[in-house]
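These notes concern the structure reproduced below.
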Amino acid sequence: MRKSRPQLSDVVMAKSEAMLQQRSGSSSVASESSDSSATSVSSSSSKSSSVSSSLWWIHNKGYDLEEFVQRHPGGVEAILLGKGRDCTALVESYHPFTNQHWKVLEKYLVEQPEEDNINEQIPTNDRNDPQQRKDFFYEVLKKRVSTVLISKGIDPKDDRGATITRTLYYCVVFASWLYTGYLHLSGRILGSFLFAITGWLMGALGHDAGHFSASRIPWINEWGVWGMSFICNPILWQHQHTYGHHSFTNEFGHDPDLHHFDTFLRVHKRIQRQSHYRYQSNGLYVMFAYLFVVFGTCFYIPWGVLRTNSLYGIIEWSDKDRRTKSTGMRLHLFLYIFIVAVVPMYTHPSLLSAIFASYLHVGTLGLVFALFSQINHLNELSLESDMISRNEKENSKQHSTSRRDPRLTQSWAAAQVETSNNFASQSLFWHVLSNGLNHQIEHHLFPGLNHCHLHHIAPVVKATCLEFGVQYKSYDTWKDLMCATLEWFDKLS
Numbered sequence: 001m002r003k004s005r006p007q008l009s010d011v012v013m014a015k016s017e018a019m020l021q022q023r024s025g026s027s028s029v030a031s032e033s034s035d036s037s038a039t040s041v042s043s044s045s046s047k048s049s050s051v052s053s054s055l056w057w058i059h060n061k062g063y064d065l066e067e068f069v070q071r072h073p074g075g076v077e078a079i080l081l082g083k084g085r086d087c088t089a090l091v092e093s094y095h096p097f098t099n100q101h102w103k104v105l106e107k108y109l110v111e112q113p114e115e116d117n118i119n120e121q122i123p124t125n126d127r128n129d130p131q132q133r134k135d136f137f138y139e140v141l142k143k144r145v146s147t148v149l150i151s152k153g154i155d156p157k158d159d160r161g162a163t164i165t166r167t168l169y170y171c172v173v174f175a176s177w178l179y180t181g182y183l184h185l186s187g188r189i190l191g192s193f194l195f196a197i198t199g200w201l202m203g204a205l206g207h208d209a210g211h212f213s214a215s216r217i218p219w220i221n222e223w224g225v226w227g228m229s230f231i232c233n234p235i236l237w238q239h240q241h242t243y244g245h246h247s248f249t250n251e252f253g254h255d256p257d258l259h260h261f262d263t264f265l266r267v268h269k270r271i272q273r274q275s276h277y278r279y280q281s282n283g284l285y286v287m288f289a290y291l292f293v294v295f296g297t298c299f300y301i302p303w304g305v306l307r308t309n310s311l312y313g314i315i316e317w318s319d320k321d322r323r324t325k326s327t328g329m330r331l332h333l334f335l336y337i338f339i340v341a342v343v344p345m346y347t348h349p350s351l352l353s354a355i356f357a358s359y360l361h362v363g364t365l366g367l368v369f370a371l372f373s374q375i376n377h378l379n380e381l382s383l384e385s386d387m388i389s390r391n392e393k394e395n396s397k398q399h400s401t402s403r404r405d406p407r408l409t410q411s412w413a414a415a416q417v418e419t420s421n422n423f424a425s426q427s428l429f430w431h432v433l434s435n436g437l438n439h440q441i442e443h444h445l446f447p448g449l450n451h452c453h454l455h456h457i458a459p460v461v462k463a464t465c466l467e468f469g470v471q472y473k474s475y476d477t478w479k480d481l482m483c484a485t486l487e488w489f490d491k492l493s
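Residue numbering for the sequence shown follows UniProt numbering, beginning at 1 and increasing consecutively.
Printed below as a string of structure tokens:
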């Protein structure tokens, strides 16, 4: 098995423990095995754990932002999402068009571990530039994208939320969602199907709000993310998607999206082979597996998070001690089952009809969700371009003859481009139906920019990638991208 990148929180805890031991006169420091695939701390006191969990870790520096939380312009939820863990990607990608945040952060720097002690354990894209370790490729993209937005009359900071047209779209979909929900609860089969379709389209608001880009007004985003309610538990979504998936895209053991389907599908070659995976060479089996997606994201996975306080053991549920979040997680579980499954039992003429309606809703929404979200990252080229794979290739000298700038290996932005895929990027129809996911590359580079703006920046992003030799994969049709995913599943079957 390839050597995987350890979580920064483990490194931080090890360093914090060592510092505490030094202060207390202890000469014993936890040792780490050089051939371990992940940093392991055999014993850590509650005090050292609290040192780690109370800070925000950015480029391997600890910041105590507790007193700044209520004054954060992006809202309380946005800043708390990074507390107690490596939030470097969050900070960089949600402040791409300003440097003001670095001036603010300087006031709250409290801990900077010694470089020579943990340099080998910190994220590889954080080792180079001593001045905020800037990603040179991302810096070029940010400047060019900012110029394009301004030329379109869009202020990169103040106008990053939804336009008036986009807001009206949210309202129309919301009204349709309420009406079809009424039909579903009234015992109409067609209503259950349409409730699933509008539930998916409501995901446009939920997804934008979950990335704090539905509006510049924080409370709108904090409530808007509940538009995800029939696609995924909205509280789980922030940790799984906004933090985990976007920070560590396609990194096995770090990106939770690679672990959603392993009951049915082998999506990554590091997943251990099982006999039933041979069926995934059949497209119908893959569609069957996708029918259960939202049951997992709305019920099964959140239930597991409530029991273990983590997502697959790789993303900690840092909100577990916040009563509003723990209550909200449980309330969503109850309401989801009540609306989708319980009420139909009392409004349909038969139990069989009620079960069919519930399954029709869950299966339809699961299928649509999977077909427009999972395919954007799951093909061979994308799964070989994450930060872990890039550094392993560099270490094995596979790219020694490449003409590409060697700094691209350490570029988080280049990894976001090469692990993502666009499709039908010129089509308004596919933009609406996919909730904007046909511009996945631009979304991963600038997640805080509302999806309605992404078509403006796509040409300059593509041109910049071509200039620097970064692989920009944009498929002509949805079918072409779907076929690439199925080919990968067949290869792993």
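Each residue gets a CB set at the ideal place from its N, CA and C atoms; glycine is no exception.
query: Mapping DSSP to helix, strand and coil, what is residue 467?
result: As a position in the sequence shown, residue 467 is number 467, starting the count at 1. In this structure, residue 467 counts as helix in the three-state DSSP scheme.
Apart from the five residues just before and just after residue 126, which ones in its own chain have a Cβ nearer than 7 Å to its Cβ?
Numbered from 1 along the sequence shown, position 126 holds the residue referred to as residue 126. In this prediction, residue 126 has a pLDDT of 43, which is less than 50 and means its spatial position is unreliable; what the coordinates show is noted afterwards. Contacts found: 59, 60, 88, 133.
Practice item. Output the distance between the C-alpha atoms of residue 174 and residue 310, rounded to the nearest integer angstrom. Key: For the purposes of this step, residue 174 is taken as the residue at position 174 of the sequence shown. For the purposes of this step, residue 310 is taken as the residue at position 310 of the sequence shown. Cα to Cα, residue 174 sits roughly 32 Å from residue 310.
Quiz prompt | Cβ pair count under 8 Å reaching 3, the segment 405 to 412 against the segment 165 to 185 | solution = no
query = Apart from the five residues on each side of it in sequence, which residues of its chain come closer than 8 Å, Cβ to Cβ, to residue 468?
reply = For the purposes of this step, residue 468 is taken as residue 468 along the sequence shown, with counting starting at 1. So the list reads 137, 140, 404, 405, 408, 414, once near-sequence residues are dropped.
Below 8 Å on the Cβ atoms is my contact criterion, and I expect residue 240 with residue 218 to pass it. Report the Cβ-Cβ distance as a whole number of Å. Position 240 of the sequence shown, counted from the start, is the residue given in the question as residue 240. Position 218 of the sequence shown, counted from the start, is the residue given in the question as residue 218. At roughly 21 Å, the Cβ-Cβ gap does not stay under 8 Å, so residue 240 and residue 218 are not in contact.
Quiz item: Over what stretch of residues does the alpha helix (DSSP H) that includes residue 63 continue unbroken?
Solution: Your numbering for residue 63 matches position 63 in the sequence shown. Element bounds for residue 63: not the alpha helix (DSSP H) but the beta strand (DSSP E), 61 to 63.
Practice problem: Locate the beta strand (DSSP E) running through residue 303, then write down its first and last residues. | Solution: The residue you call residue 303 lines up with position 303 of the sequence shown. Residue 303 -> not in any beta strand (DSSP E); alpha helix (DSSP H) instead, spanning 301 to 308.
Coil, strand or helix - residue 311 by DSSP: Mapped onto the sequence shown, residue 311 falls at position 311. It is a strand residue.
On the three-state DSSP scale, how would you describe residue 392? Along the sequence shown, one-based indexing puts residue 392 at 392. In this structure, residue 392 counts as helix in the three-state DSSP scheme.
Subject >> Three-state class that DSSP yields for residue 179 in the structure shown >> reply: By one-based count along the sequence shown, residue 179 stands at place 179. It is helical.
Cross-strand partners of residue 109 (DSSP beta bridge):
In the sequence shown, counting from the first residue as 1, residue 109 sits at position 109. In DSSP, residue 109 forms a bridge with 63.
Review point. DSSP state of residue 208, grouped into three classes?
Key: Start at 1 with the first residue of the sequence shown, and residue 208 comes out as number 208. In the structure shown, the three-state DSSP call for residue 208 is helix.
Fill in: CB contact flag (residue 249, residue 416, <9 Å)
Here residue 249 is taken as the residue at index 249 of the sequence shown, counted from 1. Here residue 416 is taken as the residue at index 416 of the sequence shown, counted from 1. Against a cut-off of 9 Å, the Cβ pair of residue 416 and residue 249 comes out as a contact.
How is residue 94 classed by DSSP in three states: helix, strand or coil? Your numbering for residue 94 matches position 94 in the sequence shown. Here DSSP, grouped into helix, strand and coil, assigns residue 94 to coil.
Margin query: Can you give me the C-alpha to C-alpha distance between residue 349 and residue 211, rounded to a whole angstrom?
Written below: Taking the first residue of the sequence shown as position 1, residue 349 is located at position 349. Taking the first residue of the sequence shown as position 1, residue 211 is located at position 211. For residue 349 and residue 211, the distance between alpha carbons rounds to 42 Å.
Local conformation of residue 418 per DSSP, three classes = Counting from one through the sequence shown, the residue named residue 418 turns up at place 418. Helix.
Exposed or buried, what is residue 300 when buried is set at 16 or more other beta-carbons lying within 10 Å of its beta-carbon? Counting from 1 along the sequence shown, the entry for residue 300 is found at position 300. Exposed.
Within this structure, are the beta carbons of residue 450 and residue 135 separated by less than 9 Å?
On the sequence shown, residue 450 is found 450 positions in, with the first residue counted as 1. On the sequence shown, residue 135 is found 135 positions in, with the first residue counted as 1. No. Outside cutoff.
Would you report the Cα separation of residue 490 and residue 280, rounded to the nearest angstrom? Translated into the one-based positions of the sequence shown, residue 490 becomes position 490. Translated into the one-based positions of the sequence shown, residue 280 becomes position 280. Looking at the two C-alpha atoms, the distance is approximately 6 Å.
| request: Can you tell me which of the three DSSP states residue 251 falls into? | output: By 1-based counting over the sequence shown, the position of residue 251 is 251. DSSP places residue 251 in coil when its eight states are reduced to three.
Does the distance from the C-beta atom of residue 444 to that of residue 464 stay below 9 Å?
-> Reading the sequence shown from its first residue, position 444 is the one you call residue 444. Reading the sequence shown from its first residue, position 464 is the one you call residue 464. In this structure, residue 464 does not lie closer than 9 Å to residue 444 by Cβ.
Quiz item: In three-state terms, what does DSSP make of residue 475?
Solution: Walking along the sequence shown from the start, residue 475 turns up at place 475. If DSSP states are grouped into helix, strand and coil, residue 475 belongs with the strands.
Check: Can we count residue 140 as close to the ligand HEM, meaning its CB is less than 8 Å from some heavy atom?
Finding: Ligands displayed in this structure: none; no statement on the ligand HEM is therefore possible.
message: Classify residue 151: buried if its beta carbon has 16 or more other beta carbons within 10 angstroms, exposed otherwise.
response: The sequence position of residue 151 within the sequence shown is 151, counting from 1. Under this definition residue 151 is an exposed residue.
- request: Determine the contact status of residue 253 and residue 229, defining contact as a CB-CB distance below 9 Å.
  value: Residue numbering aside, residue 253 sits at position 253 when the sequence shown is read from its first letter. Residue numbering aside, residue 229 sits at position 229 when the sequence shown is read from its first letter. No, Cβ-Cβ distance for residue 253 and residue 229 is not below 9 Å.
**Message:** Can you find the residues in the same chain that come closer than 8 Å, C-beta to C-beta, to residue 347, ignoring five residues on each side of it along the sequence?
**Reply:** Residue numbering aside, residue 347 sits at position 347 when the sequence shown is read from its first letter. If we look at residue 347 and ignore the five residues flanking it on each side, its Cβ neighbours are 185, 186, 187, 354.
Self-check item: Cβ-Cβ separation, residue 332 to residue 496 (assumed contact under 8 Å), whole Å
Solution: Only positions 1 to 493 of the chain appear in the structure, and residue 496 is not among them; the question remains open.
### Cβ neighbours of residue 315 in the same chain (closer than 6 Å, five flanking residues each side left out)
Residue numbering aside, residue 315 sits at position 315 when the sequence shown is read from its first letter. Hits under 6 Å: 239, 244, 256.
Contiguous alpha helix (DSSP H) assignments of at least 4 residues, all confined to the segment 220 to 287 = Those alpha helix (DSSP H) runs which fall completely within the segment 220 to 287 and span 4+ residues are 234 to 237.
**Asked** Buried or exposed: which applies to residue 178, given that a residue is buried once 16 or more other Cβ atoms fall within 10 Å of its Cβ?
**Response** Taking the sequence shown and counting its residues from 1, one reaches residue 178 at position 178. Its Cβ having fewer than 16 others within 10 Å, residue 178 is exposed.
Problem set entry | Neighbourhood of residue 472 by C-beta, 7 Å cutoff - its chain only, sequence neighbours within 5 removed | In the sequence shown, counting from the first residue as 1, residue 472 sits at position 472. Around residue 472: 417, 441, 462, 465, 466.
Return yes when the Cβ of residue 458 is within less than 9 Å of the Cβ of residue 380, no when it is not. Here residue 380 is taken as the residue at index 380 of the sequence shown, counted from 1. Here residue 458 is taken as the residue at index 458 of the sequence shown, counted from 1. In this structure, residue 458 does not lie closer than 9 Å to residue 380 by Cβ.
Could you have a look at residue 488 and say whether DSSP puts it in helix, strand or coil?
-> Position 488 of the sequence shown, counted from the start, is the residue given in the question as residue 488. In the three-state reduction of the DSSP assignment, residue 488 falls in the helix class, which pools H, G and I.
Name the DSSP bridge partner or partners of residue 86?
The count along the sequence shown starts at 1 and reaches residue 86 at position 86. In DSSP, residue 86 forms a bridge with 57.
| said: Can you tell me whether residue 384 is helix, strand or coil according to DSSP? | reply: Mapped onto the sequence shown, residue 384 falls at position 384. Residue 384: coil per DSSP, three-state reduction.
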